[in-house]
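There are 2 protein chains.
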Amino acid sequence: MTGSQETWLPQPDLDAIDVGTVLQALADPVRLQIVRALDAVGESTCSALDVPVKVSTVSHHVHILRRAGLVSTRLDGTSRPSRLRREELERRFPGLLDAILHAPPPAPPREP
Amino acid sequence: MTGSQETWLPQPDLDAIDVGTVLQALADPVRLQIVRALDAVGESTCSALDVPVKVSTVSHHVHILRRAGLVSTRLDGTSRPSRLRREELERRFPGLLDAILHAPPPAPPREP
DNA sequence: CGGAAGTTACGACATTAATCGTAATAGTAG
DNA sequence: CTACTATTACGATTAATGTCGTAACTTCCG
Numbered sequence: 033m034t035g036s037q038e039t040w041l042p043q044p045d046l047d048a049i050d051v052g053t054v055l056q057a058l059a060d061p062v063r064l065q066i067v068r069a070l071d072a073v074g075e076s077t078c079s080a081l082d083v084p085v086k087v088s089t090v091s092h093h094v095h096i097l098r099r100a101g102l103v104s105t106r107l108d109g110t111s112r113p114s115r116l117r118r119e120e121l122e123r124r125f126p127g128l129l130d131a132i133l134h135a136p137p138p139a140p141p142r143e144p
Numbered sequence: 033m034t035g036s037q038e039t040w041l042p043q044p045d046l047d048a049i050d051v052g053t054v055l056q057a058l059a060d061p062v063r064l065q066i067v068r069a070l071d072a073v074g075e076s077t078c079s080a081l082d083v084p085v086k087v088s089t090v091s092h093h094v095h096i097l098r099r100a101g102l103v104s105t106r107l108d109g110t111s112r113p114s115r116l117r118r119e120e121l122e123r124r125f126p127g128l129l130d131a132i133l134h135a136p137p138p139a140p141p142r143e144p
């Protein structure tokens with residue numbers, strides 16, 4: 033049919049992931065920024081992400097996100113674009129990802 | 033009427049709290065355990081919580097949770113019982129606390 | 001086949017954070 | 001007023017973790 037036959041980097045079964053692992057993965061500001069960026073663009077490689085750290089560090093963070101079950105990475109030639117595991121996460125932790133991604137930004141401190 | 037006149041430890045305005053701060057506070061296993069315990073019993077002091085660390089460490093973790101806007105602490109004589117800021121958290125981050133507290137435990141790895 | 005580009009694994013360094021023991025503080029009962 | 005209890009602030013130690021530079025690896029294209 034489609035003949036897509038895509039290959040993916042090995043990723044954990046979400047049922048075996050504890051919610052604490054997910055929270056720990058999302059605790060880092062850079063990783064949260066990566067998750068938000070992936071939510072916005074849908075799919076991206078490490079080098080294409082606009083984050084204030086070096087590419088090798090981005091790769092490290094994406095690796096942690098993948099181990100925590102948050103993203104899946106596709107093999108496409110020399111490129112390895114990653115995306116959020118939306119549907120699976122919604123089934124495993126209903127409402128969690130949405131609650132985090134749609135959280136309103138903090139109000140600035142009141143100035144006199 | 034009731035004349036309760038309760039006093040509380042200073043706590044931040046939830047509107048000024050970033051979701052990243054909340055996630056970072058919940059990232060530690062001990063703190064997540066504390067939050068679950070408070071969810072179960074409603075209110076508790078540091079020394080009454082059943083966690084595998086010393087009381088001074090529990091106090092440290094509760095302090096972090098309070099700074100992150102997750103718990104509020106009441107002054108009651110020599111006792112300082114803390115509780116979750118449920119309603120406020122629900123208004124600030126709808127669905128977040130429930131998603132975390134009601135997350136199903138991980139499935140054990142398949143054994144042959 | 002060989003050069004070029006993108007990605008990640010590896011090792012090292014710096015920073016952060018968790019934990020504990022002890023001391024200081026505040027309230028309560030006798 | 002004094003002894004006792006509960007809590008937290010403080011300082012020190014140890015364990016994690018984020019960051020980077022470099023090298024190795026894979027794929028694509030001429």
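Protein chains in written order, with the numbering used here: chain A, 33 to 144; chain Z, 33 to 144. We treat Cβ as the ideally placed atom computed from N, Cα and C, and that holds for glycine.
Query, Result
"Please report the distance separating the alpha-carbon of Gly30/Z from that of Leu81/A.", "Absent from the structure is residue 30/Z, since the part of chain Z shown begins at 33 and ends at 144."
"Under 6 Å Cβ to Cβ from Arg124/Z, same chain only, skipping five residues before and after it: list those, please.", "Leu46"
"Going by DSSP, which residues form a beta bridge with Leu116/Z?", "Val103/Z"
"Contact check, Gly109/Z vs Leu64/A under 8 Å by CB: the rounded distance?", "Their Cβ separation, rounded to whole angstroms, is 41 Å, which puts Gly109/Z and Leu64/A out of contact at 8 Å."
"Give me the chain A residues within the contact set of Gln43/Z, using Cβ-Cβ distance strictly less than 9 Å, ordered along the chain.", "Chain A residues near Gln43/Z: none, gap ~15 Å exceeds 9 Å."
"Have a look at Val62/A, Pro138/A and Glu119/A and flag the residue whose alpha-carbon is nearest the alpha-carbon of His95/A.", "Val62/A"
"Is DSSP giving Ser79/Z helix, strand or coil here?", "coil"
"Where does Ala135/Z land, buried or exposed, given buried means 16+ other C-beta within 10 angstroms?", "buried"
"Between Val87/Z and Ser76/Z, is the Cβ-Cβ spacing less than 9 Å?", "no"
"Under a CB-based cut-off of 9 Å, is Leu102/Z close to chain A?", "no"
"Does the Cβ-Cβ distance between Leu128/Z and Leu102/A come in under 9 Å?", "no"
"Roughly how many angstroms lie between the CA atoms of Gln56/A and Ile49/A, to the nearest whole one?", "12 Å"
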